[in-house]
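Residue numbers (the numbering used here), protein chains in the order written: chain A, 1 to 299; chain B, 300 to 633.
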Amino acid sequence: MELAIPTTAKGPSQRTLVLRYLRRNKSLVLGLALLAFLLIFSLGGSLVVDTAKLAYPLAAVPLQPPSAEYPLGTDKDGRDLLAVMIRGIQLTGAIGIIAGTLGIVIGIVLGLLSGYFGGVFDSVVRWMTEVLLTIPPLILLIIIAGTIVDKNKVTVLTMALVVSILSWVGPTRVVRAQVLTMKERTFVNVAKLSGMGNIEIIFKELMPNMLPFLVASFVGQVMGAIGASFGLEVLGLGAVREPTIGMTIRWAQFHSAMFNQWWWWILWPVLALIAIFASLSLINVGLDEIANPRVRRTE
Amino acid sequence: MRLGYVLRRFIFLIFVMWTAATVLFTIPRLSRVNPIRERFAALARSTGYAPKDLENIIASYELKFGLDKPLPQQYADYMGSVLRGDLGVSLMSYPKPVAELIGEALPWTIGLLLVTISLTFLIGTAIGALAGWPRSPRWVKGTVTPLMVLAAIPAYTLGLLLVYLLGFRLKLLPMGGAYSPGMVKALTMPFALDVVKHAILPALSLILAYVGFYALGMRGMGVTVQGEDYVNFAEHKGLRQGRIFYWYYVRNAILPQVTSLALALGGIVSAGILVEGLYGFPGIGSTLSAAITANDYFVIYGVGFITIFAVGISMMAVDLLYPLLDPRIRYDRK
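Right, dumping it as structure tokens:
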């Protein structure tokens, strides 16, 4: 979208340009490929494997190493780890996407209102984000999750909502800063003089220009939400009945899988988590290159 | 630097701590969970002993903690006790004060995190500076993306891999704890070496997880600085490359790094808390994770409050040091 598409008639087609750009932006391609693999594995896998049964306790012979019957092995409570991974990537991804979406929507609203209109509202929002930026998010979430939620009744949705409590802070700052730098530019003034209303300016002039930042911020929040929920899960504040990736690691640690040589129980969720974070991070590095062309020069 | 700026920065810290304390006051009162009842329920589960006059016991504890007074009074009392450094008593090891429990664990955490954060900052900045420098070899420039990916992976996960490979498989390093059992805790050479050996894996997990953050920031700044007139001028004057690198390029690019040092503190401290739990390192992270398992709410709040305080004060320190490093910055009111 940021490509310099030549206006002369005989330039290369847009498709060639996009492909040429992607060839240079290897991080983006690698990240998207990894994400595609995860999606195919988890969404396609749930068509082949009965995850509703096999990903939960007492579905398989416990503590089987990987074999033909159980390709990734089974855990101590009798979950089939292949089914657990398929379901786990879905659930963990869902936590990230719910929290990321809520965060970006609230962030856009707060950021636009405070950046564009200023005033007392802006001061309040700015102070809130600055205070929350000083407080380590995980600590605040531990306090909230540890107190409000009944530990045995946590669901994936409560997890997502708890993590969302802080996922608007980053997007709000990004949007506010972007609005502040853009609002004084000529194109906004021209739009104002030509009689555009505030709402129209926000949606037609500001939002399209912020898109790369919004996408990057969304990916960042998804990562942050998955990371925060993982932190809570490892500490025992997660959805105890659901086979998310973090809970699987928690149970493996709880039953000292490593000392007992049940390596498969801990290796697969660790690899899944690394794959999730690596793909999102590569996508973010790639997006950063689109949003800040200055970085491109060194590659 | 003006006194006014220091004062404003200090007021901000007080405001942050006030917010944190208010949250800690409010959240338990929003919840239907009664910590004392929970504790007795846990005791009843583990020992099979359920006191008959449980409601009376709970009521007497509530009287003791002042939970029967009106809310504003409770709030005032609570703020007063926080100001005195009184964080309540642990339910897990009653009647030990939470402050004492944290005091025992805190030196370990501070030691581990100070070393880790310094090393991460130095290594990350060095890699970033080299990666952004146009005359560096290609492979140096290519290190940033893998480090960036590493930076996205939670330190806890890296810690699991490290402990499996280096601790469990290769048996190169101890898998947990802060010193070997049976070691006499004293300031002797063997003990110090033992502590260092135990700290390598937790530190390495954190360093690997955060080095990319600083490398990326430094490279970004480095690329910007390269285009500046004073760097061009230095080149045309024929200064030695080494001199340009250190005194024109690094010296200027490093300044925003100091700000990102402050910004990443909260994340590193949170990651450190999880990693401590993983390695059974006896810092406040292990205290916290034990408190969560035992439903010891006052310890959870205490550790939370202390961590927020520590991060807040460190961020303030970095902010106040910044103008000393960069003479161009002056925080005057416009």
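Glycine included, every Cβ here is placed at the ideal spot set by N, Cα and C.
A Cβ-Cβ contact shorter than 9 Å links A570 (chain B) with Y509 (chain B).
A distance of 9 Å or more separates the beta carbons of V598 (chain B) and I357 (chain B). Taking a beta-carbon distance threshold of 9 Å, V315 (chain B) counts as an interface residue toward chain A. At a Cβ-Cβ threshold of 9 Å, G107 (chain A) and S217 (chain A) count as neighbours. G227 (chain A) reaches chain B at P453, counting residues in chain order whose Cβ is nearer than 8 Å. Straight-line spacing of the CA atoms in I313 (chain B) and E130 (chain A) works out to 13 Å. Taken through DSSP and simplified to helix, strand or coil, P396 (chain B) comes out as strand. With respect to the C-alpha of I607 (chain B), the residue from A:T134, A:L113, A:A60, A:T51 having the closest C-alpha is A:T134. Under a criterion of Cβ atoms nearer than 8 Å, no residue of chain A is adjacent to A533 (chain B); the nearest Cβ is some 19 Å distant. In the DSSP assignment, T74 (chain A) forms a beta bridge with A:D80. Along the region 146-175 of chain A, the positions whose C-beta sits under 9 Å from a C-beta of chain B are G146, T147, I148, V149, D150, K151, read in chain order.
Taking a Cβ-Cβ threshold of 7 Å, the residues of chain A close to S588 (chain B) are L235, in chain order. Shown here, V388 (chain B) sits in a strand according to DSSP, grouped into three states. A straight-line Cα-Cα distance of about 52 Å links L63 (chain A) and W432 (chain B). In the DSSP assignment, Q221 (chain A) falls within the alpha helix (DSSP H) that extends over 207-234.
Our two residues, A177 (chain A) and K395 (chain B), have alpha carbons roughly 47 Å apart in a direct line. In this structure the region 29-40 of chain A lies against the region 264-283 of chain A, because at least three pairs of beta carbons, one per stretch, are closer than 8 Å. In this structure, L386 (chain B) lies near V397 (chain B), with their beta-carbon atoms less than 9 Å apart. In this structure G611 (chain B) is buried. Its beta-carbon is surrounded by 16 or more other beta-carbon atoms within 10 angstroms. For A59 (chain A), the three-state secondary structure derived from DSSP is coil. Three or more pairs of CB atoms, one per stretch, sit closer than 8 Å, so the region 98-105 of chain A contacts the region 152-163 of chain A.
If you look at H497 (chain B), you'll find it in the alpha helix (DSSP H) that goes 488-525. Cα atoms of V524 (chain B) and Y547 (chain B): separation of roughly 9 Å, rounded to the nearest angstrom.
Within the region 201-230 of chain A, those residues whose Cβ lies closer than 7 Å to any Cβ of chain B are, in chain order, M223, G227, F230.
A distance of 9 Å or more separates the beta carbons of H255 (chain A) and W268 (chain A).
With respect to the C-alpha of P212 (chain A), the residue from A:V175, A:G195, A:N198, A:L180 having the closest C-alpha is A:V175. For P327 (chain B), the C-beta contacts it makes with chain A under 8 Å involve T147, in order along the chain. With contacts defined as CB atoms closer than 9 Å, K153 (chain A) and G236 (chain A) fail to qualify as a contacting pair.
With a minimum length of 4 residues, the unbroken runs of alpha helix (DSSP H) contained wholly in the region 558-624 of chain B fall at 583-592, 596-624. Only those residues of the region 242-263 of chain A whose C-beta falls short of 8 Å from the nearest C-beta of chain B are listed: I249, Q253, M258, F259, W263. Considered as a whole, the region 175-206 of chain A harbours 186-193 as its complete alpha helix (DSSP H) runs of no fewer than 4 residues, in chain order.
Just so you know, the alpha carbons of T248 (chain A) and L500 (chain B) end up roughly 23 Å apart. According to the DSSP assignment, K151 (chain A) belongs to no alpha helix (DSSP H), since it is labelled neither H nor E. Taking a contact to require three or more Cβ pairs closer than 8 Å, the region 528-547 of chain B and the region 476-496 of chain B do not qualify as touching.
Within the region 264-285 of chain A, those residues whose Cβ lies closer than 7 Å to any Cβ of chain B are, in chain order, I266, V270, L273, I274, F277, A278, L280, S281, L282, V285. Sequence-distant partners of A561 (chain B) (beyond 5 residues in either direction) whose C-beta falls short of 8 Å from its own C-beta, in its chain, are S613, M614, V617, D618.
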